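So the protein sequences, as listed, match chains A and B.
Take 1496 as the starting number for the first sequence in the numbering used here and just add one per residue.
Take 1496 as the starting number for the second sequence in the numbering used here and just add one per residue.
Reviewing the structure listed below.
There are 2 protein chains.
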Amino acid sequence: MSERESNHTLETILSHRSVRRYKKQPIPESVMEMVLHAATRASTTGNMQLYSIIVNQDEEMKKMIAPAHFNQPAVTSAAAVLTFCADFRRFNQWCRCRDAEPGYDNLQSFMWAVVDAVAATQNACLAAESLGLGICYMGTVTYNAHELIKIYGLPEGVVPVTCITMGYPAEEPPLADRLPMEGIVHQEMYHDYDRERIDSVYAERETSAETLRLLKENDLPNLARIFTERRYKAEDNVAFSRLFMKVLEEQGFMNF
Amino acid sequence: MSERESNHTLETILSHRSVRRYKKQPIPESVMEMVLHAATRASTTGNMQLYSIIVNQDEEMKKMIAPAHFNQPAVTSAAAVLTFCADFRRFNQWCRCRDAEPGYDNLQSFMWAVVDAVAATQNACLAAESLGLGICYMGTVTYNAHELIKIYGLPEGVVPVTCITMGYPAEEPPLADRLPMEGIVHQEMYHDYDRERIDSVYAERETSAETLRLLKENDLPNLARIFTERRYKAEDNVAFSRLFMKVLEEQGFMNF
């Protein structure tokens, strides 16, 4: 990379690693405020800001939500847990208070709110990392959205979609590997993946020391089967999909 | 903000504005490469990288996709249009090539891919902005996903979820206003919005010069009704929701 294409923002972006163990050190209020402020500067659909951010720093509250995140250490050791919700509640209430009839109980509206929430989340992550914090996304937030709705008391129009844990790092994990750029980027049109291209895109990952270690540990013949048979199993995905669809119905995004 | 809580990354984040008019100036290849590379460093569910990025810089291709974005100037004047797709195709093909049975044709899997795609998009935006480019999100991408699927030839497992236009700015829009932080952030629990809180959260926005201008222009009594009766109408939202649900079914994310 030439000097012209290097700067602190890029350095922050390029040096991201998920941190799952944190020091017992609280986050100063001014730092948390900056992280939250950064979140709200992300692009948002029609400037509607269709998200809310629930901040948990209280030990009792963190214990309450931990089971919904399968008690992962990233949650239990975090100084703060931020849950970003797709939120049409505030906007709908505003409309109702102004004699305007909201028509946002549908899938498009949910998608706008999801995109808003995730863009805000990613801003929060980069702001946090630029200030010396470590972060980790918790995919469990959509698995157990129904549990979090109960704990937080989320009304109609509100669905948790991302969750990040945050704290001063107590570990220094290496940079994660990524697929080669040509496996991700499509010039002008979509170029489909045949066997030859798949072999090429996954070659480096499949022969890494980490993969060889995982294969031994899991007693499976290849990395793909670690995903399908251990990490993200069809039966779990189906069960959690049904729960999440029920959440979308109950929170009022499936009326169309 | 204290000096300790200021840095180039935060400056990039805090100075974002959506740029909708661009100079006729191409993006150097090294800059585009850095933007795309930055995108791939975002957090991703289980390091599966469940997204693809389609890059349009060719004038003919930009003309082809413009109608799907209602021919907005942000698209027609952009040096590049990047469409981020939730993509399980590559991962599924990998599984099939490795004798692993993918179980990712469901809503949870779609959500992972959406979060992955949006986090990558936001990284691309900030990288671009740090390198002097302007960007704008195009919400039209989910309205007309069915059209983009045809144009790009997207196979099963692939759904466009975000689109950003990009180029050197030919305008300097002011920073957009945002709701006050206490309207967005919830400490520990969700605090619902009653009329008093709604009045307080929306007070500044409702009395801004920009709002007063819009009310006159639209001949409507309040800002909320500009949203419900002009910008985001129930009948459009319902129609586009039905189209997008069909997309999710046809692209294979509704089998659960």
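Every residue, glycine too, gets a C-beta built ideally from N, C-alpha and C.
Since we're looking at a predicted model, the values are computed, not measured.
- Residue 1680 of chain B sits in a strand when the DSSP states are folded into three classes.
- Under a 10 Å Cβ-count criterion, residue 1732 of chain A is classified as buried, with 16 or more other Cβ atoms of the shown protein chains found around its own Cβ.
- Residue contact with chain B for residue 1549 of chain A: present (Cβ-Cβ distance below 9 Å to some residue of chain B).
- Within the region 1595 to 1618 of chain A, the residues whose Cβ lies closer than 8 Å to some Cβ of chain B are 1595, 1596, 1597, 1598, 1599, 1601, 1602, 1603, 1604, 1606, 1607, 1609, 1610, 1613, 1614, 1616, 1617 and 1618, listed in chain order.
- Taken atom to atom, the span from the alpha-carbon of residue 1603 of chain B to that of residue 1603 of chain A is near 17 Å.
- Against residue 1588 of chain B, the close residues of chain A are 1688 and 1693, in the order they occur along the chain (beta-carbon pairs closer than 7 Å).
- The beta carbon of residue 1702 of chain A does not come within 9 Å of any beta carbon belonging to chain B, so the residue lies off that interface.
- Comparing alpha-carbon positions, the option among A/1531, A/1662, A/1502 and A/1625 lying closest to residue 1570 of chain A turns out to be A/1662.
- Chain-ordered, the chain B residues with CB closer than 7 Å to the CB of residue 1544 of chain A read 1673, 1674 and 1679.
- Shown in chain order are the members of the region 1511 to 1528 of chain B whose Cβ falls below 7 Å from a Cβ of chain A: 1511, 1513, 1525 and 1526.
- Around residue 1547 of chain A, the same chain offers 1580 and 1582 as residues with beta carbons nearer than 6 Å, after the five sequence neighbours per side are excluded.
- In this model, residue 1516 of chain B and residue 1679 of chain A are separated by some 28 Å (Cα to Cα).
- Rounded to the nearest angstrom, the gap between the Cα atoms of residue 1719 of chain B and residue 1726 of chain B is 10 Å.
- In this chain, the alpha helix (DSSP H) harbouring residue 1508 of chain A covers 1503 to 1509.
- With contacts defined by Cβ atoms closer than 9 Å, residue 1677 of chain A and residue 1696 of chain A form a contacting pair.
- Residue 1584 of chain A sits away from residue 1689 of chain B, with the two beta carbons spaced by 9 Å or more.
- Put simply, the backbone Cα of residue 1545 of chain A is about 21 Å away from that of residue 1709 of chain B.
- At a beta-carbon threshold of 7 Å, none of the residues of chain A lie near residue 1714 of chain B; the nearest stands roughly 15 Å away.
- Burial is judged here by how many other beta carbons sit within 10 angstroms of a residue's own beta carbon; residue 1626 of chain A has at least 16 and is buried.
- In this chain, the alpha helix (DSSP H) harbouring residue 1635 of chain B covers 1635 to 1638.
- Here residue 1624 of chain B is buried. Its C-beta has 16 or more other C-beta atoms within 10 Å.
- From the beta-carbon of residue 1583 of chain A, no residue of chain B is found nearer than 7 Å; the closest lies around 11 Å away.
- Setting aside the 5 residues that flank it on each side, residue 1513 of chain A is surrounded in the same chain by 1631, each with a C-beta closer than 6 Å to its C-beta; the list follows chain order.
- In the structure shown, residue 1742 of chain A falls within a helical segment according to DSSP collapsed to helix, strand and coil.
- At a cut-off of 9 Å between beta-carbon atoms, residue 1537 of chain A makes contact with chain B.
- Taking residue 1670 of chain B as reference, the option from A/1504, A/1552, A/1525 and A/1536 with the minimal CA-CA separation is A/1536.
- Counting only residues of its own chain and dropping the five nearest sequence neighbours on each side, residue 1503 of chain A has a CB closer than 8 Å to the CB of 1625.
- Excluding the 5 residues flanking it on each side, residue 1751 of chain A has same chain C-beta neighbours closer than 6 Å at 1601, in chain order.
- Distance between residue 1707 of chain B and residue 1694 of chain A, taken at the CA atoms: about 59 Å.
- DSSP places residue 1582 of chain A in the strand class (E or B) of the three-state scheme.
- The contact set of residue 1696 of chain A on chain B, defined by CB atoms closer than 8 Å, consists of 1585 and 1589 in chain order.
- With a threshold of 9 Å between beta carbons, residue 1639 of chain A makes no contact with chain B.
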